[in-house]
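Number 615 marks the last residue of the sequence shown (our numbering); no jumps. What follows is a set of notes on a single structure, which appears directly below.
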Amino acid sequence: MDLDFKNELAVMPDLRHRLRQLRWFRTTFRGNAKAVTQHYGVVFEVDEEKLTRVFLDWVEMVDAQKAYARLDRGDFIIYSAGLALKEMIRHAPVTVTPESKVTGDAENAEIVKFWPEGFLYTNYCVCAIAAIFEQEFGEAPRLARCADDLRTWWSYRENTREMPASAVAFLDRFLGAEPNWVAPDLVEGRIAMRNAIEAGRKSIEAPSIFPDPAR
Numbered sequence: 401m402d403l404d405f406k407n408e409l410a411v412m413p414d415l416r417h418r419l420r421q422l423r424w425f426r427t428t429f430r431g432n433a434k435a436v437t438q439h440y441g442v443v444f445e446v447d448e449e450k451l452t453r454v455f456l457d458w459v460e461m462v463d464a465q466k467a468y469a470r471l472d473r474g475d476f477i478i479y480s481a482g483l484a485l486k487e488m489i490r491h492a493p494v495t496v497t498p499e500s501k502v503t504g505d506a507e508n509a510e511i512v513k514f515w516p517e518g519f520l521y522t523n524y525c526v527c528a529i530a531a532i533f534e535q536e537f538g539e540a541p542r543l544a545r546c547a548d549d550l551r552t553w554w555s556y557r558e559n560t561r562e563m564p565a566s567a568v569a570f571l572d573r574f575l576g577a578e579p580n581w582v583a584p585d586l587v588e589g590r591i592a593m594r595n596a597i598e599a600g601r602k603s604i605e606a607p608s609i610f611p612d613p614a615r
């Protein structure tokens with residue numbers, strides 16, 4: 401991953417909420433596309449209508465599940481980014497210009513050559529996660545080594561062609577989490593959320609160590 405654009409995102413106050421505004425979503429997405437172009441030479445054309453549809457569908461899904469943010473905010477941030485990635489892959493709001501060509505031997509250049517659109521979508525979501533984590537928790541999550549493995553990206557592209565929701569699972573894998581391959585976009589099926597629910601249940605069921613003053 402090319403995380404240079406993360407630094408530009410991180411200076412935006414209250415980034416988590418700004419990205420849920422269409423104007424900021426479109427601006428930052430285009431900014432990331434420009435950064436990828438500068439780094440690798442590949443040029444993208446953005447379909448604004450499709451990008452808007454990505455945003456609207458994504459916000460609707462996040463709003464429907466936002467109660468889970470109270471259980472584990474960090475995991476919900478990653479999950480939300482996974483939903484955005486799924487919608488980007490599903491709606492395909494960018495195309496590569498015919499004359500576009502990956503230049504140089506920069507890290508991940510082979511991945512960009514193999515799947516430039518998928519790299520752009522994924523890089524945007526990873527940069528957003530990293531910037532939000534820095535703002536809210538003080539540090540960004542570490543990327544797993546498979547995020548730079550071309551063989552993993554082969555599997556990633558093939559799986560998301562058949563089932564775009566599997567993008568959520570691959571993003572989890574890139575961030576070192578255990579994915580839910582069966583139902584990747586089901587929030588209650590995420591390990592972190594299940595653990596949080598179970599911890600809350602145990603807390604409620606645990607006997608008090610203090611005597612009941614009413615007795």
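Ideal placement from N, C-alpha and C gives every residue a C-beta, glycine not left out.
Taking a C-beta distance under 8 Å as the contact criterion, residue 458 and residue 433 do not qualify as a contact pair. By the Cβ-count criterion, residue 411 is exposed, with fewer than 16 other Cβ atoms from all chains shown falling within 10 Å of its own Cβ. Per the Cβ contact rule, the region 464-478 is not in contact with the region 497-511 (fewer than 3 Cβ pairs under 8 Å). Taking C-beta separations shorter than 6 Å and ignoring five residues to either side along the sequence, the partners of residue 425 in its chain run 419 and 455, following chain order. In terms of Cβ geometry, residue 521 and residue 488 form a close pair [threshold 8 Å]. Scanning the region 499-536 for uninterrupted alpha helix (DSSP H) segments of 4 residues or longer gives 509-514, listed from N- to C-terminal end. According to the DSSP assignment, residue 446 belongs to the beta strand (DSSP E) that extends over 444-446. Counting the other Cβ atoms within 10 Å of the Cβ of residue 583 gives fewer than 16, which makes it exposed. When rounded, the separation of the alpha-carbon atoms in residue 408 and residue 524 is 12 Å. With the rule of 3 Cβ pairs closer than 8 Å, the region 554-570 does not count as touching the region 527-545.
An exposed status is given to residue 554, since fewer than 16 other beta-carbon atoms sit within 10 Å of its beta-carbon.
Residue 441 and residue 528 have their C-alpha atoms some 22 Å from each other. If you compare the alpha carbons of 594, 534, 421 and 453 with that of residue 494, the shortest gap goes to 453.
Of the other Cβ atoms in all chains shown, fewer than 16 fall within 10 Å of the Cβ of residue 551; this residue is therefore exposed.
Within 10 angstroms of the beta-carbon of residue 486 lie 16 or more other beta-carbons, which makes it buried.
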